[in-house]
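Asker: Structure in structure tokens, see below.
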RNA sequence: GUCAGAAUGGCAGAGUGGCUAUGCCUCCGGCUGCAACCCGGAGAUACGUGAGUUCGAUUCUCACUUCUGACUCCA
């Protein structure tokens, strides 16, 4: 039974999908205006873990993630570098996808773009106007918050207690109520000159930010969906506004379960440009490798802050490599497995179902990946122990299949076993083999050093030399 | 001010109403020609403070302190 924490109720709830066996998820994707940083990816990875967990538990998952390719920031920054909006956002969209691959994040079913859904936004705005929930002012369309009594149900913000001035731009005299937000914005002369506008009955407009998600989510799934994900900072106002737009227009519940990922901080502080502690994904991946970064994120629960530091990354790397080592050694052992039975076979096989139950239980509990990782480590130890002396083919295959199942759910070791050892290295290994046969230890050790300098490590086992690439 | 979350050993970080993982680090033993990997063992006064519930709390409740975040573009 899958349980998941719902921001709407601030409780862990037993998950029940609208359609038996199927889950619809809408995830707030990137605004493509710069290199995404590791914090952005933590949130995307959270959604990936949720998807993988649901699939592991037998659901068919449809994930839709939007790409915001038109908003204040994309317009501003594309101009600053003298690019068209499209060229500019295409560039960062490509970067975004590269990052997904670095972390082995599964692709969503679709990635709708805001610019491709403006018609739908105009329609939705019109519908809200017809219902008295939106109004036009100076060519822009605003949502009338006072018309939607449920406003605030997600964020639980008491708007009577908001310090006006601290939170609301008092200069926004063009709205009826300072908290009303823009659905569509009148294009400025400059935007029009750059071709950034769409025709409407209210004149030339371009989308605000919040409306795109309501439109794309409902286009993909209809008025109601199972799960909506995003970072905690989106709870207010973005997701609150999505609810107001969607439920205001349809009168139906928009989302049953809201899932929000906590932020990543750096050495105890929020990442911010002014502090100079913003890390992009490629920077970190270059240093530690994509899967180590993934593992690092997995080892902290998504509703807890992750305090990034070099020490933490190193820690994750060591843990990761240890688990990877088990897989390597297991596969190496498999190559020389035997059909004979070993005394420890039965004991190992008996332990597996329990381990598997623990693993499933961890993920069923609000997709608790750190707990799942611990179970993964338990399995690793069990395997290492068996490898000490046992080498029955059937047992090894069973261990391998379970280990692989776990690693797949966690999205780890995607490339394992695919690395080819270069010829020149293999040649040295063969030379070393000969030297070892003749007990020429000096030569053997020199060759080991040489191989190491080429980035490979050799381990001597009863079954011969095991060669592997040194990782980071 | 309102709404959240967090406080665990030298470090990093899970987790739990009664026994606290794991990794790094140090040491010992096994394995090895020597290593590496792996296994076993040992080390360290660890659960923010004060109350309460309880036979028993690090774990639940309340308060306090400190920190972080949201309330303004933000994953």
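Numbering (my numbering), first residue to last: 173 to 644.
From the three backbone atoms N, C-alpha and C, an ideal C-beta is built for every residue, glycine too.
On a predicted model such as this, the values are computed, not experimentally measured, just so you know.
1. Using 10 angstroms around the beta-carbon of residue 284, count the other beta-carbons present and answer buried if the total reaches 16, otherwise exposed.
2. Could you give the distance in angstroms between the alpha-carbon of residue 409 and the alpha-carbon of residue 531?
3. Let me make sure I understand the geometry here. Which of 490, 520, 544, 606 has the alpha-carbon closest to that of residue 564?
4. List in chain order: all unbroken alpha helix (DSSP H) runs of 4+ residues lying wholly within the region 357 to 400.
5. Can you have a look at residue 621 and say buried or exposed, based on whether 16 or more other CB atoms are within 10 angstroms of its CB?
6. For residue 610, does the three-state DSSP call read helix, strand or coil?
7. I'd like to check one pair, residue 363 with residue 370: are the Cβ atoms closer than 8 angstroms?
8. With distances taken from CA atoms, which of 432, 427, 512, 376 is nearest residue 402?
9. Within 8 angstroms, do at least three Cβ pairs link the region 224 to 231 to the region 534 to 546?
10. What does the alpha-carbon distance come out to for the pair residue 360 and residue 437?
11. Does the distance from the C-beta atom of residue 221 to that of residue 463 stay below 8 angstroms?
12. What residue does the beta strand (DSSP E) around residue 178 start on, and which one ends it?
13. In its own chain, which residues sit with a C-beta less than 6 angstroms from the C-beta of residue 351, not counting the 5 before and 5 after it?
14. How would you write the range of the alpha helix (DSSP H) that residue 561 sits in, first residue to last?
15. For a test of the three-state rule: what should DSSP assign to residue 418, helix, strand or coil?
16. With burial defined as no fewer than 16 other Cβ atoms inside 10 Å of the residue's Cβ, what is the status of residue 617: buried or exposed?
17. Do you know how far the Cα of residue 631 is from the Cα of residue 257?
18. Alpha carbon to alpha carbon, how far is residue 562 from residue 637? Give it in angstroms, no decimals.
19. Rounded to whole angstroms, what is the Cα-Cα separation between residue 235 and residue 503?
20. Which value, in whole angstroms, describes the spacing of the CA atoms of residue 396 and residue 490?
21. Can you give the Cα-Cα distance for residue 267 and residue 273, rounded to whole angstroms?
22. Using CA coordinates, which residue listed in 499, 455, 476, 292 is at the minimum distance from residue 482?
23. Residues bridged to residue 198 by DSSP?
24. What number of angstroms, rounded off, separates the C-alpha of residue 415 from the C-alpha of residue 468?
25. How close, in whole Å, do the beta carbons of residue 296 and residue 421 come, if the pair is a contact with beta carbons under 8 angstroms?
Answerer: According to the structure shown:
1. buried
2. 36 angstroms
3. 520
4. 361 to 365, 382 to 393
5. exposed
6. coil
7. no
8. 432
9. yes
10. 37 angstroms
11. no
12. 175 to 178
13. 317
14. 541 to 561
15. helix
16. exposed
17. 54 angstroms
18. 18 angstroms
19. 34 angstroms
20. 43 angstroms
21. 10 angstroms
22. 455
23. 236, 400
24. 33 angstroms
25. 6 angstroms
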